[in-house]
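The block underneath contains the structure these notes are about, expressed in structure tokens.
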Amino acid sequence: MDKDYIKQELKIDISCDAKYKELNINKELLDLYYIESITDSVLIENIIRSLHKNDLNDIESALEFHKYNILNNDDEFVYHVLCGFLGVIYKDKYITIGVQKFNTRTPSEPNSEKVIRGPRDGFTESVETNVSLIRNRIRSSRVIYKEIIVGKYTKSKVILVYITDLVNKKALKLIEDKINDISVKDLSMTDSKLEELISGQKFNPFPLVKFTERPDVVSAHLMKGQIAVITEMSPSVMLAPITYFDQIHHAEEYLQTPAVGTFIRLIRFASIIMAFYILPAWILLVNNPQYIPSWLSFVELKEQSQMPIIAQVLIAEFTVEFIRLAAIHTPTPITTAMGVIAGLLIGEVAIQIGLFIPEVVLYTVLAQIGCYTNPSYELGYANKLCRIIFIIVTAIFGVWGFFGFIILIHIFLGFTKSFGKSYFYPLIPFNPKKFLKTMVRYPWTSDKH
15 MDKDYIKQEL KIDISCDAKY KELNINKELL DLYYIESITD SVLIENIIRS LHKNDLNDIE
75 SALEFHKYNI LNNDDEFVYH VLCGFLGVIY KDKYITIGVQ KFNTRTPSEP NSEKVIRGPR
135 DGFTESVETN VSLIRNRIRS SRVIYKEIIV GKYTKSKVIL VYITDLVNKK ALKLIEDKIN
195 DISVKDLSMT DSKLEELISG QKFNPFPLVK FTERPDVVSA HLMKGQIAVI TEMSPSVMLA
255 PITYFDQIHH AEEYLQTPAV GTFIRLIRFA SIIMAFYILP AWILLVNNPQ YIPSWLSFVE
315 LKEQSQMPII AQVLIAEFTV EFIRLAAIHT PTPITTAMGV IAGLLIGEVA IQIGLFIPEV
375 VLYTVLAQIG CYTNPSYELG YANKLCRIIF IIVTAIFGVW GFFGFIILIH IFLGFTKSFG
435 KSYFYPLIPF NPKKFLKTMV RYPWTSDKH
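My numbering applies: residue 15 is where the sequence shown begins, and numbers increase by one.
Written out as structure tokens, the structure is:
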């Protein structure tokens, strides 16, 4: 037991909120350590009163109505104090008592995953709150919550959640080993940094995990044998292993009747396909008018422009991104006004001065609308990046570039794995029954025992 070491590690004389008190209770000395900014002062006062009223030789009975731990060494003691516990040293005992003050927001519906019907709660930055939201939905002893500490300085909690008899054991071992092998100073960027560390992604734009802020979505994926990863101070939960098609499914499909849910899903799939193909296909046809059938004559250019079509399309694509980034950093009250102004400038003025022809604006807008129907923000951006490359390749290499890129992107997705699972399954390798279930929202049925 080294009290000087503990004071040094907690920076008692340096950090303004690191507190140390020596109490004399019935001629017995106790040392108290706590971090003022993350502890509840009322709870600390109640504990001190309780200690005054009881025999310190039986200190554990004085704390029977409190959450406490008996620890073995200085480092564990320091870690608990930094996590918001009240540290008590009495004789040769290390005791830490739960007095954390949780400054968290109330669970509310995530802005990016809104539904017309269904639950309105969502994850917060508190691990304890997030675990409770899952426990309230799956009340089973077979659900495991395994804690791993990551980060030399941040010592962030990472919770693996899975159902023992449903989980993919190989994927679980792979994910758990990867997290245990992480050696970093911090997880200050929370689950984004963790995702990159465990997925091994470098320049692959496609997300190999799914992020969600909805407890009902996490519960549904756990029941399918997937693994949830909760990271401290993040309102998003990672799900793995996943496929490309898992990213596209949305909770709204399961909160409507099977027919309506299937209709919503098919519309979403169609819009994502349209967003990816419409601009490259239009550029191909415009550059090769001999391929345009009579029933597609409306895609022909009605007027010529001095600026090349490919340049107009790329300028339009990047201009939309400029507006989106500006909207993120613009105060909410003026975001709408900025959007209207930007739309007028691009849609009207740009056409009038000859920067864009009307067709470029039309097809760019259709592609952007299709992007925003994708419920996965990460997958939407991956598709957008690939679409820009697709546009450039098609403009340079024509028909060969168009079909060559389609083949290459499908081969790439077919070889991509998400923690051992084929990313493009059930399309590659093809499983007709599973693929049909991916496209159609099947009715709920009773489990067969």
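Even for Gly, the Cβ is constructed at its ideal location relative to N, Cα and C.
Which term fits residue i, buried or exposed, when burial requires 16 or more other beta carbons within 10 angstroms of its beta carbon?
i           : result
residue 418 : exposed
residue 404 : buried
residue 260 : buried
residue 463 : Here residue 463 scores only 45 on pLDDT, less than 50, and its place in the model is too uncertain to base an answer on.
residue 363 : exposed
residue 254 : buried
residue 429 : exposed
residue 263 : buried
residue 296 : buried
residue 94  : buried
residue 320 : exposed
residue 30  : exposed
residue 398 : buried
residue 302 : exposed
residue 166 : exposed
residue 384 : buried
residue 279 : buried
residue 271 : exposed
residue 176 : buried
Taking the continuous beta strand (DSSP E) assigned at residue i, which residues delimit it?
i           : result
residue 171 : 170-177
residue 45  : 42-49
residue 241 : 241-245
Considering only residues of the same chain and omitting the five flanking positions on each side of residue i, which have a CB-CB separation below 7 Å?
i           : result
residue 265 : 127, 129, 132, 228, 230, 231
residue 141 : 171, 173, 244, 246
residue 387 : 282, 285, 286
residue 361 : 375
residue 20  : 47, 88, 91, 92
residue 513 : Since the displayed the chain opens at 15 and closes at 463, residue 513 lies outside it and no answer follows.
On the DSSP bridge list, what partners appear for residue i?
i           : result
residue 82  : 111
residue 436 : 431
residue 101 : 47, 110
residue 37  : 44
residue 157 : 177
residue 53  : 114
residue 164 : 170
residue 32  : 49
With residue i as the anchor, note down where its alpha helix (DSSP H) starts and where it stops.
i           : result
residue 90  : 88-96
residue 236 : 229-237
residue 253 : Looking at the DSSP string, residue 253 is not in any alpha helix (DSSP H); the run it does join, the beta strand (DSSP E), is 251-254.
residue 204 : 204-213
residue 447 : 446-453
residue 336 : 323-342
residue 225 : Per DSSP, residue 225 belongs to no alpha helix (DSSP H); it is in the beta strand (DSSP E), 224-226.
residue 266 : 265-268
residue 190 : 183-194
residue 385 : 372-386
residue 143 : 141-149
Note down, in chain order, each residue of its chain lying with its Cβ closer than 8 Å to the Cβ of residue i, except the 5 sequence neighbours on either side.
i           : result
residue 427 : 220, 258, 437, 438, 442
residue 382 : 289, 334
residue 136 : 121, 122, 123, 124, 127, 227, 228, 229, 249
residue 96  : 24, 49, 169
residue 435 : 182, 185, 255, 256, 257
residue 338 : none
For residue i, which residues in the same chain have their Cβ closer than 6 Å to its Cβ, ignoring the five residues on either side in sequence?
i           : result
residue 162 : 172, 193
residue 275 : 267, 455
residue 17  : none
Could you check whether the segment 208-215 touches the segment 235-242, counting it as contact only if at least three pairs of C-beta atoms, one from each stretch, sit closer than 8 Å?
no
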